[in-house]
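Numbering (our numbering), first residue to last: 1 to 281.
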């Protein structure tokens with residue numbers, strides 16, 4: 001059994017369903033346990049999400065008590081839910097030893113078996129970075145790490161998490177102490193915490209394959225000769241996970257990018273599924 005994790009609030013139910021549907025369509029992960037950590041989902045929300053459950057996809061909901069995060073830095077773009085994944089090692093069932101975490105704005109377009117079965121060894125997290133070395137060093141200094149720290153600054157929207165090791169070493173006090181000491185300097189709170197606490201035990205995988213965004217694709221193409229630039233066709237062939245991170249999202253009117261077509265395809269596939277089940281809308 002493989003495990004998939006989402007941490008959402010009510011405003012992202014539909015996007016999460018598109019994400020999960022895409023994983024079920026393309027991920028080839030076999031029997032799947034899907035864990036959804038939340039604080040405000042209604043019974044109606046849960047019933048709607050559960051339309052995606054089947055004999056090979058079990059969906060469970062884990063309630064998070066938001067009182068334990070009082071005083072943690074948040075914003076309209078970075079709600080309290082960004083912290084939930086940090087506490088997942090002590091919230092998930094004991095039988096979970098590794099899990100693939102996805103933001104609700106991530107879709108899958110190719111198999112994920114190679115990523116999920118990555119030889120994780122003594123690492124806590126396998127993920128991608130969208131940050132060049134110079135900015136990574138600046139982030140390390142900002143978070144109180146050594147100037148020569150090898151800790152990468154990862155995008156936490158896609159993480160293969162070594163739950164067995166994270167659970168064994170989990171210390172909520174270290175999270176709250178970091179928030180108290182460095183919270184005023186946080187820019188992306190969850191990513192800052194992950195770098196500061198776990199950075200020395202993170203391994204990186206290819207962002208063009210496992211955490212591709214319109215911005216990352218644009219930057220990659222700027223650095224390439226025209227004949228070698230990425231296109232929608234090459235993305236469909238080579239990429240596994242597309243991440244609509246930041247403000248530029250294909251379900252918004254002012255979206256500008258070339259990767260929105262993949263989201264539309266997965267949204268249409270979900271709509272067909274729900275229509276067949278008589279549950280669209």
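All residues carry an ideal CB built from backbone N, CA and C; glycine is no exception. This one's a predicted model, so the numbers in the text were calculated from it and none came from an experiment.
Pick out the complete alpha helix (DSSP H) segments inside the stretch 68-102, 4 residues or longer, and give them in chain order. 84-91
Any chance you could list the beta strand (DSSP E) runs of at least 3 consecutive residues sitting entirely within the stretch 166-242, in chain order? 202-204
Specify the secondary structure class of residue 32 as computed by DSSP and reduced to three states. strand
Are the stretch 106-121 and the stretch 82-96 touching, with three or more C-beta to C-beta distances below 8 Å? no
What do you reckon, are the CB atoms on residue 127 and residue 106 nearer than 8 Å? no
List the DSSP bridge partners of residue 263. Residue 263 pairs with nothing; no bridge assigned.
When we look at the beta-carbon of residue 261 and count the other beta-carbons within 10 Å, is it buried (16 or more) or exposed? exposed
First and last residue of the uninterrupted beta strand (DSSP E) at residue 130: It is not in any beta strand (DSSP E) - residue 130 carries neither H nor E in the DSSP assignment.
6 Å CB neighbourhood of residue 296 in its chain, flanking five on each side removed: With the chain covering only 1 through 281, there is no way to say anything about residue 296.
In DSSP terms, what residue 3 is bridged to: 33
Cutting at 7 Å between CB atoms, please list the residues of its own chain near residue 198, excluding the five before and the five after it. 124 and 125
Please state the DSSP three-state secondary structure of residue 42. coil
Nearest residue (CA-CA) to residue 282, options 195, 184, 133 and 258: Since the first and last residues shown for the chain are 1 and 281, residue 282 lies out of range.
In the DSSP assignment, find the unbroken beta strand (DSSP E) run with residue 160 in it and report its ends. 154-161
Limits of the alpha helix (DSSP H) - the one that residue 113 falls within: 113-116
Could you pull out every residue in the same chain whose Cβ sits closer than 8 Å to the Cβ of residue 13, ignoring the five residues on either side in sequence? 41, 45, 48 and 49
At a cut-off of 7 Å, would you count residue 170 as near the ligand NAP, judging by its Cβ distance to the nearest heavy atom? The ligand NAP is absent from the structure shown, which contains no ligand whatsoever.
When the Cα of residue 168 is compared with those of 92, 60, 3 and 37, which residue comes out closest? 92
Pull up the distance between the alpha-carbon of residue 209 and that of residue 18, whole angstroms please. 19 Å
Helix, strand or coil: which one does DSSP assign to residue 54? strand
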